[in-house]
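Residue numbers in the sequence shown follow my numbering, run continuously in steps of one, and reach 78 at the last position. A virtual CB, placed ideally from N, CA and C, is assigned to each residue, including glycine. As the structure is a computational prediction, the values presented were derived from the model and not from experiment. I have placed the structure first, in the form of structure tokens, so that the comments after it can refer back to it.
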Amino acid sequence: MYDYIKYYEEEKRLRDAYYAEQKRINNETFPTQRDVYIVVFLCVAFVWLSAIFFYISLKY
């Protein structure tokens with residue numbers, strides 16, 4: 019019985035360490051949703067400005 023309790027405690031310790039490591043990895047993942055929104059906004063703004071300058075260059 020003592021061996022079983024020791025085994026269970028070791029198993030629990032390893033499992034907790036694994037989940038803590040997974041949580042740490044998930045917190046450090048890139049890109050975050052905010053980063054994606056920023057990049058999409060910059061791309062749209064660049065295309066929009068390019069279209070405006072192209073239109074101006076055709077007109078004059």
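| Query | Result |
| --- | --- |
| Please report how far the alpha carbon of K77 lies from the alpha carbon of F71, in whole angstroms. | 10 Å |
| Does DSSP put Y20 in a helix, a strand or coil? | helix |
| Where does Y78 fall in DSSP's three states? | coil |
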